[in-house]
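Q: This structure is in structure tokens; I'll ask about it shortly.
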Amino acid sequence: MRSNAICHVNWSTGVWDVVILILLTTVSCCEALNCYSCSYSMLEPTPENDDFFCGNETLVLLEKDLTVKPCAPWEKFCITTVETSLKAFSAVVRTCAETCNQICESDGYGTDMVRCDDCCTTDMCNGNYTVRYYLQLMARQYTSWIEPLPGERAYNKANGMKFPY
């Protein structure tokens, strides 16, 4: 003979405590990172598309709802990208990012355009606007020729490559 047992769950206060704890943990783990989000380019032909405040002190003085946005759950970094053209400041972009690349990249033939990224992981950490900050960030573009990247010496040695650091 087959028994039709009915499973009865006793929703006592202990079970509700566990359910509430799980919900609170889930909510707190998924809070979005908040980053400054703007772009400004001195090379932009249509200045009305530029955020004039992105490259200077106005960035941190304006209302946060105008300058800060919540990132998507998979965007774990706030990033500041600074560009130079012929060694002169030309643009800055601040936004959320999924990945972080701390190496400077060069573009353009004959235009000497260099783009350097700076990444961070706390709310509104990409708000630095000082000239000193921009100079320190852009100084990275030359370091790969005078000092090796992490692991570069070992790689070169293992592959019989010589480079005058």
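With mature numbering (1 follows the signal peptide of the UniProt record, and there is no 0) as the guide, the letters of the sequence shown map in order to residues -32 to -1, 1 to 133. Glycine included, every Cβ here is placed at the ideal spot set by N, Cα and C.
Per DSSP, what are the beta-bridge partners of A122 in this structure?
A: DSSP output for A122 lists no bridge partner at all.
Q: In terms of DSSP beta bridges, what is M92 paired with?
A: Per DSSP, none; premise fails for M92.
Q: Below 8 Å between beta carbons: does that hold for S9 and A56?
A: No, the Cβ-Cβ distance between S9 and A56 is not below 8 Å.
Q: Output the distance between the C-alpha atoms of N2 and D91, rounded to the nearest integer angstrom.
A: If I take the Cα positions, the gap works out to 5 Å.
Q: Can the beta-carbon of D18 be found less than 8 Å from the beta-carbon of E12?
A: Yes. Within cutoff.
Q: Residues in its own chain within less than 8 Å of N24 by CB, not counting five upstream and five downstream?
A: Same-chain partners within the cutoff: Y97.
Q: So, at 8 Å on beta carbons, what are the nonlocal neighbours of C93 in its own chain, with the 5 sequence-adjacent residues on each side left out?
A: C3, C46, listed in sequence order.
Q: Compare the C-alpha of K37 against each of R62, L27, S5 and name the closest.
A: Ranking the options by Cα distance to K37, first place goes to S5.
Q: Based on DSSP bridge pairs, tell me the residues matched to S5.
A: According to DSSP, which records beta bridges pairwise, S5 is partnered with nothing at all.
Q: If you compare alpha carbons, which of E43, L34, R121, R83 is closest to T67?
A: Of E43, L34, R121, R83, the residue nearest in Cα terms is E43.
Q: Distance check for C84 and Q104, CA to CA, integer angstroms please.
A: Roughly 10 Å separates the two Cα atoms.
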